[in-house]
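These notes are about the structure you will find just below.
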Amino acid sequence: MAKFFLRKKIGDRVINGHPWIFGNELGDTEGTAEPGDIVEVYSYNGSFVGKGYINPASQIRIRLLTRDKNEVINEDFFFKKINEAWEYRKKLGYIENCRLIFGEADQLPALIIDKFNDYLVIQTLALGIEKWKDAIVAALQKIFTPKGIYERNDVPVRTLEGMEQRKGFLSAPFDTNIIINENGLKFHVDIENGQKTGYFLDQQDNRRAIAHVVKDADVLEVFCYTGTFSLHAAQYGAKSVLGLDISENAVATARRNAELNGYENICKFDAVNAFDVLKLWAKENRRYDVVILDPPAFTKSRENIQKAVTGYKEINLRAMKLIRPGGFLVTASCTNLVSPEMFLDTIDAAAKDAKRILRQVEWRTQASDHPILRNIPSTQYLKFLVAQVL
Ligand code: SAH
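Residue numbering for the sequence shown is 75 to 464, as defined by the working numbering.
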């Protein structure tokens, strides 16, 4: 196995447990490695650091899988890691649906697995983990005997690793339109064509956090995707709910979700561009008791953080203008590029411009089946604020 040595003058990030090693952190090499191979990493003075997979085509040159010199990376290793991750989810009560593997936070860098009751959806986002896909699928078959396994590798980040984008079955074919239960509601999930893996499990606990503020309220959910918060609002006693999304497909599924739960009279959905209508509706003096915002990331790169911040400020400002005095804003951000502090500062700036005072009700993050590792700040990506708008 090839050996790679860290440079002397690098920070202590890797030594302190971060699994990523960038190209400019590496010095000497002993032996050769093919892209995707498992290699050993040592510090400049020869002490063992860990084993992981390498990809010369990627800025993140090596991602560590273990810090134990005696641990062998083989099929059993993946079985053990996936089993441990499942035990952890079960312990925390995430049984029917959960993010089973959350990459780095489960010590399986660049691997995502979502479990939707009897179905599993996989993303292998780096070459070194892609190479173990058969072992991962074998482990999933053994642990879950699932009704189906599907690959949603139609993700642009794979091109950074020199891999093609693809999606398809990793088990015998099955009907990829399934129904899941969440918080006593039912939702259609389109595993093949839905966004990301088909459904946003990271908000599953936050959806319950709106229970008190939506009772008897007129609710507007912006960026609603398949209407998950809207349906929760109806279940928790909202008077009326309007959900908006730019995607016709998402809105069609949201309407089917309303019917599935018998809330089609309360929940209405429209396919529109949120930026256009929020501006217009504020001018027309439309008012709501609760506005929910769960926009897309707005940026995928560090260079464009300012663009994301501008986007967050604009929609939050517009939302506040639509909220009756004493009503509530429910607002989220799903990119790790915008830190929790930066997000709160942006909301505060929007409140200042809107000349409104915010009284914080809840400040939350992603559901804990998407664990946060304290030494890898990027594992905390979701911000979720419920605030009264005075
Ligand atoms: N709250 C949802 C997830 C929302 S994801 C849930 O919990 O399931 C963000 C959504 O914003 C996507 O469905 C996307 O189609 C939508 N979107 C992106 N740009 C938009 C725009 N300009 N106007 C309205 N919706 C938009």
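Just so you know, even glycine gets a beta-carbon here, dropped at the ideal spot from N, CA and C.
How long is the line joining the alpha carbons of residue i and residue j, rounded to whole angstroms?
| i | j | result |
| --- | --- | --- |
| P399 | L432 | 11 Å |
| I203 | V231 | 14 Å |
| G401 | G317 | 17 Å |
| T420 | K154 | 42 Å |
| T327 | H262 | 7 Å |
| K165 | A213 | 20 Å |
| K77 | Y127 | 12 Å |
| W355 | L294 | 12 Å |
| E256 | N267 | 20 Å |
| K83 | H92 | 17 Å |
| I147 | S117 | 20 Å |
| I136 | K457 | 29 Å |
| Y310 | P109 | 52 Å |
| T453 | T409 | 10 Å |
| R163 | I340 | 34 Å |
| V346 | P369 | 13 Å |
| D208 | I95 | 25 Å |
| Q277 | T103 | 44 Å |
| K216 | G177 | 20 Å |
| F516 | T250 | It is not possible to answer for residue 516, since the shown part of the chain is limited to 75 through 464. |
| A159 | Y168 | 11 Å |
| E149 | A291 | 53 Å |
| G101 | P451 | 26 Å |
| Y337 | G258 | 13 Å |
| A107 | N157 | 29 Å |
For residue i, which beta-bridge partners are listed by DSSP?
| i | result |
| --- | --- |
| R173 | D188 |
| T327 | Answer is none; T327 lacks a bridge partner. |
| W160 | None; W160 has no bridge partner. |
| G124 | V115 |
| K357 | Paired residues: none, contrary to the question. |
| T140 | K125 |
| N267 | The partner list for N267 (beta bridge, DSSP) is empty, contrary to what the question assumes. |
| V365 | L294, L403 |
| S314 | D292 |
| L459 | T405, W437 |
| R240 | N227 |
| A345 | D319 |
| N410 | BP columns for N410 are empty, so no partner. |
| I252 | V263 |
| I397 | Y362 |
Which of the three DSSP states is assigned to residue i in this structure?
| i | result |
| --- | --- |
| H306 | helix |
| K260 | strand |
| R117 | Residue 117 is actually Ser in this sequence, not Arg. Three-state result, S117: coil. |
| V229 | coil |
| R281 | helix |
| I196 | strand |
| F78 | strand |
| L403 | strand |
| N335 | coil |
| Q434 | strand |
| E104 | strand |
| F372 | coil |
| K381 | helix |
| I421 | helix |
| I217 | helix |
| D443 | coil |
| K83 | coil |
| K429 | coil |
| G222 | strand |
| F96 | strand |
| R392 | helix |
| I203 | helix |
| I340 | coil |
Spell out whether any CB of chain D is found under 8 Å from the CB atom of residue i.
| i | result |
| --- | --- |
| A425 | Judged by its chain identifiers, the structure shown contains no chain D, having just a single protein chain. |
For residue i, collect the residues of the same chain with a Cβ closer than 7 Å to its Cβ; drop the 5 residues on either side in sequence, then sort them by chain order.
| i | result |
| --- | --- |
| L391 | A424, D427, A428 |
| G124 | V115, L138, T140, R141 |
Go through its chain and collect everything with a Cβ distance to residue i's Cβ below 8 Å, but skip five positions before and after it.
| i | result |
| --- | --- |
| I254 | E170, N171, F190, N191, K260, F261, V263, Y273 |
| K381 | F372, T373 |
| I134 | W94, I95, F96, A200 |
| S132 | A200, L201, L234, E235, G236 |
| R240 | E225, N227, D228 |
Apart from the five residues on each side of it in sequence, which residues of its chain come closer than 6 Å, Cβ to Cβ, to residue i?
| i | result |
| --- | --- |
| L352 | R392 |
| K474 | In the structure displayed, the chain extends from 75 to 464; residue 474 sits before or after that span and is not available. |
| K342 | L316 |
| R329 | F343 |
| S304 | E295, C298, V315, G317, C341 |
| I196 | I187, E225 |
| D279 | A441 |
query = Is the number of C-beta pairs between the segment 438 to 454 and the segment 365 to 373 that are closer than 8 Å three or more?
reply = Touching, no, given that fewer than three Cβ pairs across the two stretches are closer than 8 Å.
The segment 270 to 285 contacting the segment 322 to 338, beta-carbon criterion three pairs below 8 Å = The segment 270 to 285 makes no contact with the segment 322 to 338: fewer than 3 CB pairs, one atom from each, lie closer than 8 Å.
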